[in-house]
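Student: Just so you know, full-length UniProt numbering puts the end of the sequence shown at 460, numbered straight through with nothing missing.
Even glycine gets a Cβ: it sits at the ideal position worked out from N, Cα and C.
This structure is a prediction, so every number in the text was calculated from the model and none was measured.
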Amino acid sequence: MVDINKLVDTKASTQSKEVFWDQEVYDREIKNIFGRSWLFLTHECMLEKKGDFITTKMAEDSVIVTRHTDGSLKAFVNSCTHRGNSICSADSGNTKSFVCNYHGWVFSTDGKLVDVPLREKCYHDELDRESLSLKTIRVESYRGFVFGCFDETAPSLEDFLGDWGWYLDTWMVGAGEGAELVGPPMKSILKCNWKVPTENFVGDGYHVGWTHASALHVLGGELGGLAGNQAEMPFDELGIQVTTRHGHGFGVIDNAAIAIHAKRDEYAKYMEETIPKVAENLGEPRAKLFNGHWNCSTFPNCSFLYGTNIFKVWHPRGPHEIEVWSWVIVHKDMSDEGKREVVKQAVRSFGTAGTLESDDGDNMVQSTHVNRGNYTREGTMNSTMGQGYEGEHPDYPGIVGSSFIGETSYRGFYRFYQEMMSADSWDDIRANDEHWADCFPNKNYWKDRIAAKAAEAEGE
1 MVDINKLVDT KASTQSKEVF WDQEVYDREI KNIFGRSWLF LTHECMLEKK
51 GDFITTKMAE DSVIVTRHTD GSLKAFVNSC THRGNSICSA DSGNTKSFVC
101 NYHGWVFSTD GKLVDVPLRE KCYHDELDRE SLSLKTIRVE SYRGFVFGCF
151 DETAPSLEDF LGDWGWYLDT WMVGAGEGAE LVGPPMKSIL KCNWKVPTEN
201 FVGDGYHVGW THASALHVLG GELGGLAGNQ AEMPFDELGI QVTTRHGHGF
251 GVIDNAAIAI HAKRDEYAKY MEETIPKVAE NLGEPRAKLF NGHWNCSTFP
301 NCSFLYGTNI FKVWHPRGPH EIEVWSWVIV HKDMSDEGKR EVVKQAVRSF
351 GTAGTLESDD GDNMVQSTHV NRGNYTREGT MNSTMGQGYE GEHPDYPGIV
401 GSSFIGETSY RGFYRFYQEM MSADSWDDIR ANDEHWADCF PNKNYWKDRI
451 AAKAAEAEGE
């Protein structure tokens with residue numbers, strides 16, 4: 001049996017290497033984490049017309065998401081209630097109904113069973129169609145981004161996002177027009193545990209200068225100075241890291257939104273014109289974030305880079321493999337040329353065969369499969385960088401770390417991971433709402449830092 005308390009030590013900021021390999025750990029994750037969390041499904045721009053649908057995954061379950069005839073969003077398990085065959089094999093499309101290839105059972109776009117061949121003659125008109133509707137899934141949308149949840153007792157999507165929604169609004173609302181995804185998604189298989197890329201995106205600014213050193217030398221620009229981790233840089237003045245109640249988090253590098261983009265004229269023009277509008281709409285703190293480059297993860301398995309504008313889901317396929325789905329984020333009010341630029345540059349860097357994607361993939365595979373060794377799995381992993389240099393910030397919600405290179409959001413991700421793995425229900429999780437940040441011991445960090453700077457300024 002898995003000892004959950006040994007998987008994550010929130011005080012020492014360590015994680016057992018079993019979290020990247022063990023089958024029992026994975027099975028519990030599927031039940032306790034993927035079975036309870038809100039999981040990203042699609043964007044509403046891909047379901048604009050009645051009858052539009054997409055097929056996707058929630059962990060290892062195949063799922064259909066539709067725009068029903070009444071205009072509402074519906075989601076249900078892609079498995080016929082007769083003999084279990086999938087009822088839809090297309091990635092997307094528009095339809096009036098779904099017909100199972102096996103025996104011809106027909107389901108409407110809200111998952112209800114509406115017709116059965118030979119219902120009168122062979123079922124003697126005694127089939128209870130209502131009880132044989134497809135298994136439905138809770139579905140909610142935040143700023144056009146659609147999520148699903150298996151657990152009826154889970155909080156609403158908005159409450160699950162919590163303070164993370166405040167940050168997401170920076171670019172999901174922005175100047176007012178919002179954002180959307182360009183698809184269909186690029187898909188690939190990566191032989192790694194799903195948490196390896198999730199933790200990388202949630203807070204690993206540390207690897208950028210080392211893993212991507214060669215690429216940064218070629219790209220140059222605002223991030224070129226990070227190459228090799230050799231530059232003398234005031235890291236505490238160039239960005240922050242953030243973690244929030246339910247494990248969502250990110251790191252941001254200030255003034256670097258378009259840093260990865262080689263061809264950027266339209267994007268740069270858009271940012272110059274839009275940042276003042278964001279400040280007017282959302283305030284100066286978020287306008288500053290709007291012009292930053294973010295690495296982010298929405299718990300448990302949805303990640304994105306704002307600025308580079310790649311958006312990903314890491315669908316688990318057992319403890320040692322994932323299916324990677326990647327879209328490109330564009331602002332709705334960008335020019336068509338600007339959108340094309342963003343798509344090309346995002347795919348070039350973090351698409352399936354992207355320059356930086358390839359760098360990361362090798363590390364993610366090795367970080368998983370080295371744990372095949374039994375003796376290796378007895379060890380732990382360390383995430384203490386920046387511990388104690390984080391706390392409650394006057395402008396930004398959650399727990400905020402002092403630098404974009406640190407592991408504040410790592411610690412926050414695994415804090416909530418342990419909580420979900422240990423809890424029997426969402427009631428147990430809700431009981432911790434007032435104390436979730438107690439594992440961050442120096443919550444007055446920013447208050448003390450600001451006071452010290454003020455005193456220093458007075459002394460001058």
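Where does the unbroken alpha helix (DSSP H) through residue 345 begin, and where does it stop?
Tutor: Note, residue 345: alpha helix (DSSP H), 336-350.
Student: Which residues in the same chain have their Cβ closer than 6 Å to the Cβ of residue 343, if we skip the five residues on either side of it in sequence?
Tutor: Same-chain partners within the cutoff: 182, 328.
Student: If you measure between the beta carbons of residue 43 and residue 173, is that distance less than 8 Å?
Tutor: It is not a contact, given that the beta carbons lie outside the stated cut-off.
Student: With a CB to CB cut of under 6 Å and the five nearest residues on each side skipped, what residues in its chain are close to residue 336?
Tutor: So no residue of the chain qualifies.
Student: Any idea what DSSP makes of residue 426, helix, strand or coil?
Tutor: If DSSP states are grouped into helix, strand and coil, residue 426 belongs with the helices.
Student: So residue 345 and residue 261 are supposed to be a Cβ contact under 8 Å. How far apart are they, rounded?
Tutor: Contact flag correct, Cβ pair sits at about 4 Å.
Student: Residue 243 lies in the beta strand (DSSP E); which residues open and close that run?
Tutor: 239-243 is the extent of the beta strand (DSSP E) around residue 243.
Student: When burial is assigned at 16 or more other CB atoms within 10 Å of the CB, is residue 103 buried or exposed?
Tutor: Exposed, since its Cβ has fewer than 16 Cβ neighbours within 10 Å.
Student: Please report the straight-line C-alpha distance between residue 318 and residue 375, rounded to a whole angstrom.
Tutor: Distance between the alpha carbons of residue 318 and residue 375: 22 Å.
Student: If we require 4 or more residues per run, which alpha helix (DSSP H) segments fall completely within the region 252-304?
Tutor: Counting whole runs of 4 or more residues, the region 252-304 contains the alpha helix (DSSP H) stretches 265-282, 284-290.
Student: Shortest alpha-carbon distance to residue 207 belongs to which of 438, 258, 360, 144?
Tutor: Considering only alpha carbons, the answer is 360.
Student: Excluding the 5 residues preceding and the 5 following residue 35 in the sequence, name in chain order all residues of the same chain whose CB lies nearer than 7 Å to its CB.
Tutor: Taken in chain order, the residues that qualify are 150, 151.
Student: Consult DSSP for residue 396 and reduce its assignment to one of helix, strand or coil.
Tutor: Of the three classes helix, strand and coil, the one that applies to residue 396 here is coil, per DSSP.
Student: Would the beta-carbon of residue 188 fall within 8 Å of that of residue 347?
Tutor: No, Cβ-Cβ distance for residue 188 and residue 347 is not below 8 Å.
Student: Name the DSSP bridge partner or partners of residue 325?
Tutor: DSSP, once it has assigned bridges, lists 187, 313 as partnering residue 325.
Student: Could you check where the beta strand (DSSP E) with residue 379 kicks off and where it finishes?
Tutor: Looking at the DSSP string, residue 379 is not in any beta strand (DSSP E), and its letter there is neither H nor E.
Student: Mind reading off the beta-carbon distance from residue 14 to residue 53? Whole number of angstroms is fine, and I expect it under 8 Å.
Tutor: Between residue 53 and residue 14 the Cβ distance is about 44 Å, and since that is not below 8 Å, they are no contact.
Student: Compute the distance between the beta-carbons of residue 326 and residue 311, then report whether it is under 8 Å.
Tutor: Yes, the Cβ-Cβ distance between residue 326 and residue 311 is below 8 Å.
Student: Nearest to residue 101 by CA position, among 177, 459, 83, is which residue?
Tutor: Considering only alpha carbons, the answer is 83.
Student: Between which two residues does the beta strand (DSSP E) holding residue 41 run?
Tutor: Element bounds for residue 41: 39-43.
Student: Taking C-beta to C-beta, are residue 367 and residue 88 nearer than 8 Å?
Tutor: Contact: no.
Student: Return the residue from the list 450, 5, 451, 410 that minimises the CA-CA distance to residue 440.
Tutor: Minimum Cα distance to residue 440 is reached at 410.
Student: Is the region 104-122 touching the region 132-140, taking contact as three or more C-beta pairs under 8 Å?
Tutor: Yes, the region 104-122 is in contact with the region 132-140.
Student: Under the assumption that residue 412 contacts residue 249 (Cβ atoms under 8 Å), give the Cβ distance between them as a whole number of angstroms.
Tutor: About 5 Å; that satisfies the 8 Å criterion.
Student: Grab the span of the alpha helix (DSSP H) containing residue 140 for me, first residue to last.
Tutor: Looking at the DSSP string, residue 140 is not in any alpha helix (DSSP H); the run it does join, the beta strand (DSSP E), is 138-142.
Student: Taking all protein chains shown into account, do 16 or more other C-beta atoms lie within 10 angstroms of the C-beta of residue 302, making it buried, or fewer, making it exposed?
Tutor: That one is buried.
Student: According to DSSP, is residue 456 part of a helix, a strand, or is it coil?
Tutor: The answer is helix: DSSP assigns residue 456 an H, G or I state.
Student: DSSP beta-bridge partners for residue 181?
Tutor: BP columns for residue 181 point to 329.
Student: Start and end of the alpha helix (DSSP H) containing residue 93?
Tutor: Run containing residue 93: none in the alpha helix (DSSP H); it sits in the beta strand (DSSP E), 92-94.
Student: Residue 287 to residue 212, Cα distance in whole Å?
Tutor: C-alpha separation (whole angstroms): 28 Å.
Student: Start and end of the alpha helix (DSSP H) containing residue 364?
Tutor: Here the alpha helix (DSSP H) through residue 364 covers 355-369.
Student: Between which two residues does the alpha helix (DSSP H) harbouring residue 74 extend?
Tutor: Not the alpha helix (DSSP H): residue 74 falls in the beta strand (DSSP E), residues 73-77.
Student: List the whole-angstrom C-beta distance separating residue 398 from residue 163, where the pair is believed to meet the contact cut-off of C-beta under 8 Å.
Tutor: Confirmed, Cβ separation roughly 5 Å.
Student: Return the CA-CA distance between residue 38 and residue 148, expressed in angstroms with no decimal places.
Tutor: Taking the straight line joining both Cα atoms gives about 5 Å.
Student: Taking residue 58 as part of the alpha helix (DSSP H), name the residues at either end of that continuous run.
Tutor: Unbroken run through residue 58 is the beta strand (DSSP E), 52-58; no alpha helix (DSSP H).
Student: When the Cα atoms are used, what is the spatial distance from residue 393 to residue 167?
Tutor: Going from the Cα of residue 393 to the Cα of residue 167 covers about 14 Å.
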